[in-house]
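What follows is one structure encoded as structure tokens, with my remarks underneath.
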Amino acid sequence: MSNHKVLGIIGGGQLGSMLCQAASKINIKTKIYCDDKDAPAQNYSDEFIYGAYNDDDKIIEFANQVDVVTFEFENIPVPTLKKIKSVKPVYPDPNINFIIQDRSREKKFINDLGIETVSYKKISSQKDLENIDKLIPGILKTTTLGYDGKGQYIISKNNDLNKIPLNNDFILEKKITLKKEISVIITRYQNGSSATYEPIENIHKDQILDTSTIPSSVSNEITNLSKKYAKLLADKLDYIGTMCIEYFIDENDNLLVNEIAPRVHNSGHLTINAYNVSQFESHVRAVCNLEKIEPKMTSKAVMKNIIGDEIFEYRNKETNSDEFFFDYLKKESKNKRKMGHITKLLD
Ligand code: ADP
Ligand code: MG
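According to the numbering used here, the sequence shown holds residues 9 to 355 in order.
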């Protein structure tokens, strides 16, 4: 595919905005489909269509107007993605969403490759609450549709479980002591080659990402293993585009996969300013079948998320030449809502 093609993006949040900015830099036109008529990414896309994700007619009409379709969030109904795929290429493939939309299916896929995760158990009924002592203290997570810690409950003692209505499928994960959290961004191209970014060290506050830093402070051994797993996972999924593997490092320096994000990822925002090619541009290049650019770190950096009303302070603040402030232009500030981020280059 040559440049001058139109990339369709489902979803219009900040990830969509940054995908559009990256696309326009390399002359790819963008058209967004989103179910929020105030979606911020319409400030950056060439065109914008407002529609529901279950309005198949409208979404197929959208697909017919673009050359290739991708998405900025993974929870679009799989049957909808498959319908789109019957008219236009969809990258990454909808079958990947089928695996990753469900935390227990995702963990099984990872474990089957010989890669460790935290111990867990599927909880679908009261009966599953027997013999769970080994998983306490634990975290009960909804199997589907969780993000930024939403749909998660800390379970300190068995009794806590009685307070939670089991009206969803859940998994109960053992709550482990985290020494560190890292993530690895990888982009896989249509010819099967891939490009891996260096591990990013992440600190979460209230289960929401607070800061991301490169380079990470992990050993060479963990660096190499985390990149090797990312490549294995991307290859096994036959993934096309950018994805992110979130890892836990436990007290004994074991590397565990926390989860896979089949999309560009918050921890990779610093690649915009601290790499020769951002995770967003790499994604656009891969899904549009353009030539690969090998990512090279050009600076150390730290990214900080700006949550809720903190944004007002940043909007009025001068930034230094080594600081890059991104305002997501969301209409309304809400508690725990990601409103922007700031990346600072480090010496
Ligand atoms: P989300 O899908 O909302 O990102 P995660 O499963 O990644 O949910 O959890 C968010 C954060 O909560 C993690 O990055 C980590 O800091 C903490 N966390 C989640 N699961 C565990 C666990 N089993 N043990 C310890 N900390 C956890
Ligand atoms: Mg997560």
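For glycine and all other residues, C-beta sits at the position ideal for the given N, C-alpha and C.
If you ignore the 5 residues before and after V95, its C-beta comes within less than 7 angstroms of the C-beta of I68, A71 and N72, all in its own chain and listed in chain order.
Three or more pairs of CB atoms, one per stretch, sit closer than 8 angstroms, so the stretch 109-124 contacts the stretch 266-284. The DSSP-derived three-state label of C252 is strand. I84 sits in coil when the DSSP states are folded into three classes, being neither helix nor strand.
The residues S191, N266 and E267, in chain order, have a CB closer than 6 angstroms to that of E254 in the same chain once the five nearest residues on each side in sequence are set aside.
When distances are taken from the beta-carbon of N210 to the heavy atoms of the ligand MG, even the shortest one reaches 7 angstroms or more. Checking the 7 angstroms criterion, the Cβ of Q109 is out of range of every heavy atom belonging to the ligand ADP. Residue nearest to K308 within the set R293, E302 and L354 is L354 (criterion: CA-CA distance).
Excluding five sequence positions before and after I92, the CB atoms of its chain that fall closer than 6 angstroms to its own CB belong to A71, V77 and V98, given in chain order. According to DSSP, residue pairing for Q160 in a beta bridge involves K149.
Just so you know, the alpha carbons of N51 and I18 end up roughly 15 angstroms apart. An exposed status is given to E299, since fewer than 16 other beta-carbon atoms sit within 10 Å of its beta-carbon. Annotation: the continuous alpha helix (DSSP H) that includes M26 extends over Q22 to K33. Counting only runs of 3+ residues, the beta strand (DSSP E) found wholly inside the stretch 218-278 occupies 249-258 and 263-269, in chain order. If you look at R196, you'll find it in the beta strand (DSSP E) that goes L186 to R196. Beta-bridge partners of V77 (DSSP): G16 and V98.
Judged by beta-carbon spacing, A49 lies beyond the 8 angstroms limit of Q198, meaning their Cβ atoms are not closer than that value.
No Cβ-Cβ contact shorter than 8 angstroms links E209 with F256. Annotation for K339: D46 place their beta carbon closer than 6 angstroms to its own, counting only its chain and skipping 5 residues before and after.
As the crow flies, the alpha-carbon of N281 is around 12 angstroms from that of I222. Taking K130 as the centre and dropping the five residues before and after it, the same chain places the C-beta of S112 and I179 closer than 6 angstroms to its C-beta, in chain order. Within 10 angstroms of the beta-carbon of L169 lie 16 or more other beta-carbons, which makes it buried.
Under the criterion of beta carbons closer than 8 angstroms, V126 and E181 qualify as touching, at roughly 5 angstroms.
Bridge partners of V310 according to DSSP: T221 and K352.
Between the alpha carbons of D141 and T151 lies a distance of about 20 angstroms.
T306 sits exposed, since fewer than 16 C-beta atoms from the chains shown fall within 10 Å of its C-beta.
Bounds of any alpha helix (DSSP H) do not take in K182; it lies within the beta strand (DSSP E) bounded by F178 to K182.
When DSSP states are grouped into helix, strand and coil, Y52 belongs to the coil group. With a contact defined as Cβ atoms closer than 8 angstroms, M311 and H277 qualify at about 5 angstroms. DSSP places E331 inside the beta strand (DSSP E), whose first and last residues are E331 to D335. Residue pairing by DSSP places S202 opposite R196 in a beta bridge. Under a 10 Å Cβ-count criterion, N228 is classified as exposed, with fewer than 16 other Cβ atoms of the shown protein chains found around its own Cβ.
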